[in-house]
Amino acid sequence: MDKAEATTVDIGESSKERKGKAPLLSTPPPPPIAKAKVAVGGYKKGVAIFNLILRISAVATSIGAVATMANAEETLPFFTQFFQFQASYDDLPTFTFFVVAMSFVLGYLILSIPFGIVCIARPYAKAPKMLLIISDTVMLVLATSTTAASTAMVYLAHNGNPNANWQAICNQFTDFCQQSSGAVVSAFITVALLIFMVVLSAIALKRT
């Protein structure tokens, strides 16, 4: 009887000890800080992906602006013995500056694509974002200045200026005016995309 009672007591104590222990296979839930960090990381990666899409779109619009303006040329079918009526983008320094400046913007946007990919792979890295936001701002100023100047020239080509005795030329050089106007519109789209990219980069840096 003594042995049986001892055995019973041992079994009871062991069962109580097992009840007090936590299951070996259970894992503790992640702390709230880790969940917040994962959420912020996903947000930053989403912003970086959207920024890259805007950057590629800006490359396309910049190509359209440069190619259209560089091919803006028209020769009228009538000419005299000494004069041939022709209009080309390089006849106007403003349009020449437009082609050069937008070419710089285009080259920068192409070179900045790898940095945009780095921002996606490393959403918490500050250096690539800071470099992009500074460079994007510089290119935004360059694109805005040349687009504004070219817009003024396109307006004069369409409407002229009676006070300065400048005649509108778009009544004769219709193709040239359409091409130059299309290039300016593409440049304005590039400017808008650059603005969005700067804003997105600033938001991503703020939440770092």
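Note that UniProt numbering gives residue 192 to position 192 of the sequence shown, counting from 1, and the numbers run on in steps of one. Ideal Cβ placement from N, Cα and C applies to all residues, glycine included. What you are looking at is a predicted structure, and each value in this text was computed from that prediction instead of being measured.
For Leu106, the closest alpha carbon among the candidates Glu74, Met139, Phe95 is that of Met139.
For a cut-off of 8 Å, the C-beta gap from Tyr89 to Val100 is around 11 Å, too long to register as a contact. Fully enclosed alpha helix (DSSP H) runs of no fewer than 4 residues occupy 93-121, 127-159 of the UniProt domain "Casparian strip membrane protein" (45-192), in order along the chain.
By the Cβ criterion, the region 66-78 is in contact with the region 179-194, since at least three pairs of Cβ atoms, one from each stretch, lie closer than 8 Å. Relative to the Cα of Leu109, the nearest Cα in the group Val199, Asn51, Gln178 belongs to Asn51.
Closest option to Ile203, judged by alpha-carbon separation, among Pro162, Lys129, Ser145: Lys129. If the five residues before and after Ile169 are omitted, its C-beta is found closer than 6 Å to the C-beta atoms of Ala157, all from its own chain and listed in chain order. About 7 Å separates the beta carbons of Met102 and Ala143, which is inside the 8 Å limit, making them a contact pair.
Sequence-distant partners of Pro123 (beyond 5 residues in either direction) whose C-beta falls short of 7 Å from its own C-beta, in its chain, are Gly41, Lys44, Lys45, Ala48.
Here the C-alpha atom of Ile53 lies approximately 19 Å from the C-alpha atom of Ala125. Beta-carbon to beta-carbon, Ser201 and Ile133 are separated by about 4 Å, close enough to satisfy the 8 Å threshold.
Closest in alpha carbon position to Met197, among Ile117, Ala60, Thr137, Gly64, is Thr137. The straight-line gap separating the alpha-carbon atoms of Asn165 and Met153 is approximately 15 Å.
Remark: C-beta atoms of Gln86 and Thr75 approach each other more closely than 8 Å.
By the criterion of a C-beta distance shorter than 6 Å, Thr96 is surrounded in its chain by Asp90, once the five residues flanking it on both sides are discounted.
Taken atom to atom, the span from the alpha-carbon of Ser180 to that of Pro114 is near 31 Å. Measuring C-alpha to C-alpha distances from Pro77 to each of Leu194, Phe173, Ile195 identifies Phe173 as the nearest.
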